[in-house]
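Student: There's a structure below that I have some questions on.
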Amino acid sequence: MASLTAVDEVVEQRVRLHCLAHAGAGVASYQRWSLAAGPAVDVAALLLPGRDGRRREPRVTDRAGLLADLLGPLLDAARSGPYALYGHSLGALVAYTLTRALAEEGAPPPLFLAVGACLPPHATAALIGAAEAPDEQLLPLLGALGSLPKGPAAARPGGLWHRSVLPVLRDDLRLAKALRQAALDPATGGPVNVPLLVFAGSDDPLAVPTALQEWRRWTTGPITVRTLIGDHFFAGNDVLPALIGDACRERVALTTGMPEAGPAEDRTAGGER
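Written as structure tokens, this is what we have:
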């Protein structure tokens, strides 16, 4: 039998896509991604402590705690084959931080870093510093993003959502603030040297598409900025995982010597406009 061609090897090559969720969320955010991402992409949602099956573990609120929890397992995975990272909102800052830390450890770089619904580390917004705000200030900010439960639950102090979800959101906001500060520190931050894919929601009231263009400051590699139809939580349909799955397969092809893709582009997609 003839040996496999280079194209056959590309088809066989699998990519592990590590995904990180938005504030307050767990792995359920990515439960549909394995199918939507398409062939040869293994979706692995990384779970932070303090939620889902790890809800009894102390939550992390700074860079050191985050790296102590996630960097070791991710280093092992990075050395086992091609991989990429996607983070949504808070998860984007976590994915960026992990990409920086992996480089510091001399690990093989990801095929790309993808971020969605997240202002770049140097940007400012009311929600960024709201972890310590009283409920009457924080809840309207969360409501504008669609982060509050429907019905009267959000307005009932002492209710289940206030007791179980709001503390997680506050700690996640503390983590986001700490990661932004670390990104601005030359010792722990600065640009990553990997391709960067940036995704914005067309109707996102926080991470507006024009502001996400500023992620260009945070990579020395090529960057693609795309706007998908939707609000802050546009990752909930199949469009985004399909795009990222395509990117995984394309980047693997590039690493095998196939022709390089064209220059970075800005476009609107997803339910394509």
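Its first residue numbered 4, the sequence shown is counted upward by one per residue in our numbering. Every residue gets a Cβ at the ideal spot worked out from N, C-alpha and C, and that includes glycine.
Just tell me which of ALA147, LEU176 and ARG82 has its CA closest to the CA of ARG19.
Tutor: Taking the sequence shown and counting its residues from 1, the one referred to as residue 19 is at position 16. Measuring from the Cα of ARG19, the nearest candidate turns out to be ARG82.
Student: Would you mind giving the Cβ-Cβ distance between GLY119 and LEU23, rounded to the nearest angstrom? I have them listed as a contact below 8 Å.
Tutor: As a first step, residue 119 is located in the sequence shown; it is residue number 116 there, counting from the start. As a first step, residue 23 is located in the sequence shown; it is residue number 20 there, counting from the start. Between LEU23 and GLY119 the Cβ distance is about 10 Å, and since that is not below 8 Å, they are no contact.
Student: Does the ligand FMN have even one heavy atom less than 6 Å from the beta-carbon of VAL171?
Tutor: Among the components modelled here there is no ligand, and therefore nothing to report on the ligand FMN.
Student: Could you round the C-beta distance between LEU116 and THR102 to whole angstroms and report it? I think they count as a contact, below 8 Å.
Tutor: As a first step, residue 116 is located in the sequence shown; it is residue number 113 there, counting from the start. As a first step, residue 102 is located in the sequence shown; it is residue number 99 there, counting from the start. With 8 Å as the limit, LEU116 and THR102 qualify as a contact, their Cβ atoms being about 5 Å apart.
Student: Which residues in the same chain as THR64 place their Cβ atom closer than 7 Å to its Cβ, once the five residues preceding and following it in sequence are excluded?
Tutor: Your numbering for residue 64 matches position 61 in the sequence shown. Closer than 7 Å at the Cβ level, and outside the excluded window around THR64, lie ASP174, ARG177, LEU178 and ALA181.
Student: Does the region 199 to 207 touch the region 159 to 167, meaning 3 or more C-beta pairs lie closer than 8 Å?
Tutor: Touching, no.
Student: Quick test of your reading: GLY192 and ALA40, contact by CB under 8 Å. State the CB separation rounded to the nearest angstrom.
Tutor: By 1-based counting over the sequence shown, the position of residue 192 is 189. By 1-based counting over the sequence shown, the position of residue 40 is 37. With a Cβ gap of about 29 Å, GLY192 and ALA40 do not count as contacting.
Student: Identify the continuous alpha helix (DSSP H) that holds VAL46 and give its terminal residues.
Tutor: For this step, residue 46 is matched to residue 43 along the sequence shown. No alpha helix (DSSP H) contains VAL46, which is instead part of the beta strand (DSSP E) from 44 to 48.
Student: Would LEU69 and ALA110 be called neighbours here (beta carbons separated by less than 7 Å)?
Tutor: Here the question's residue 69 lines up with position 66 in the sequence shown. Here the question's residue 110 lines up with position 107 in the sequence shown. No, they are not a contact pair.
Student: Cutting at 7 Å between CB atoms, please list the residues of its own chain near ASP206, excluding the five before and the five after it.
Tutor: In the sequence shown, residue 206 corresponds to position 203, counting from 1. Closer than 7 Å at the Cβ level, and outside the excluded window around ASP206, lie GLY233 and ASP234.
Student: Helix, strand or coil, according to DSSP, for PHE289 in the structure here?
Tutor: The requested residue 289 is not part of the displayed model; the chain covers only 4 to 276.
Student: In whole angstroms, give me the CA-to-CA distance for GLN16 and SER92.
Tutor: Here residue 16 corresponds to residue number 13 of the sequence shown, with the count starting at 1. Here residue 92 corresponds to residue number 89 of the sequence shown, with the count starting at 1. Cα-Cα distance, rounded: 29 Å.
Student: Starting from CYS251, trace the beta strand (DSSP E) both ways and give me its first and last residue.
Tutor: Position 248 of the sequence shown, counted from the start, is the residue given in the question as residue 251. Careful: CYS251 lies outside any beta strand (DSSP E), inside the alpha helix (DSSP H) at 242 to 258.
Student: May I have the straight-line CA-CA distance separating VAL46 from TRP36, to the nearest angstrom?
Tutor: Along the sequence shown, read from residue 1 onward, the residue named residue 46 stands at position 43. Along the sequence shown, read from residue 1 onward, the residue named residue 36 stands at position 33. The alpha-carbon atoms of VAL46 and TRP36 are separated by roughly 7 Å.
Student: Report the three-state DSSP secondary structure of ARG19 (helix, strand or coil).
Tutor: Within the sequence shown, numbered from 1, the residue matching residue 19 stands at position 16. Residue state, collapsed to three classes: strand.
Student: By the three-class DSSP mapping on this structure, what secondary structure does THR223 have?
Tutor: Here the question's residue 223 lines up with position 220 in the sequence shown. In the structure shown, THR223 sits in coil (DSSP, three-state: anything other than H, G, I, E or B).
Student: DSSP three-state call for LEU230: helix, strand or coil?
Tutor: Numbered from 1 along the sequence shown, position 227 holds the residue referred to as residue 230. It should be noted that the sequence gives Thr, not Leu, for residue 230. Three-state result, THR230: strand.
Student: DSSP state of LEU88, grouped into three classes?
Tutor: The residue you call residue 88 lines up with position 85 of the sequence shown. Three-state DSSP puts LEU88 in a strand.
Student: Excluding the 5 residues flanking TYR89 on each side, which residues of the same chain have their C-beta closer than 6 Å to its C-beta?
Tutor: As a working note, residue 89 is residue 86 in the sequence shown. Excluding positions up to five away in sequence, the list reads CYS22, ALA117 and ILE247.
Student: Which of the three DSSP states, helix, strand or coil, is assigned to ALA129?
Tutor: As a first step, residue 129 must be located in the sequence shown, where it is residue number 126. In this structure, ALA129 counts as helix in the three-state DSSP scheme.
Student: Can you tell me whether GLY154 is buried or exposed? The criterion is at least 16 other CB atoms within 10 Å of its CB, across all chains shown.
Tutor: As a first step, residue 154 is located in the sequence shown; it is residue number 151 there, counting from the start. It is exposed - the Cβ of GLY154 has fewer than 16 other Cβ atoms within 10 Å.
Student: Spatial neighbours of ALA134 within its chain, please: CB distance less than 6 Å, with the 5 preceding and 5 following residues excluded, ordered by chain position.
Tutor: Here residue 134 refers to the residue found at position 131 of the sequence shown. So the qualifying residues of the chain are ARG173, LEU176 and ARG177.
Student: Kindly indicate which three-state DSSP category GLY119 falls into: helix, strand or coil?
Tutor: Numbered from 1 along the sequence shown, position 116 holds the residue referred to as residue 119. In the structure shown, GLY119 sits in a strand (DSSP, three-state: E or B).
Student: For VAL228 and LEU215, which I take to be in contact (beta-carbon distance under 8 Å), what is that distance rounded to the nearest angstrom?
Tutor: One-based indexing of the sequence shown puts residue 228 at position 225. One-based indexing of the sequence shown puts residue 215 at position 212. Going by Cβ atoms, the distance from VAL228 to LEU215 rounds to 6 Å, so yes, they are a contact pair.
Student: Quick one: what does DSSP say LEU187 is sitting in, helix, strand or coil?
Tutor: If you number the sequence shown from 1, residue 187 lands on position 184. Of the three classes helix, strand and coil, the one that applies to LEU187 here is helix, per DSSP.
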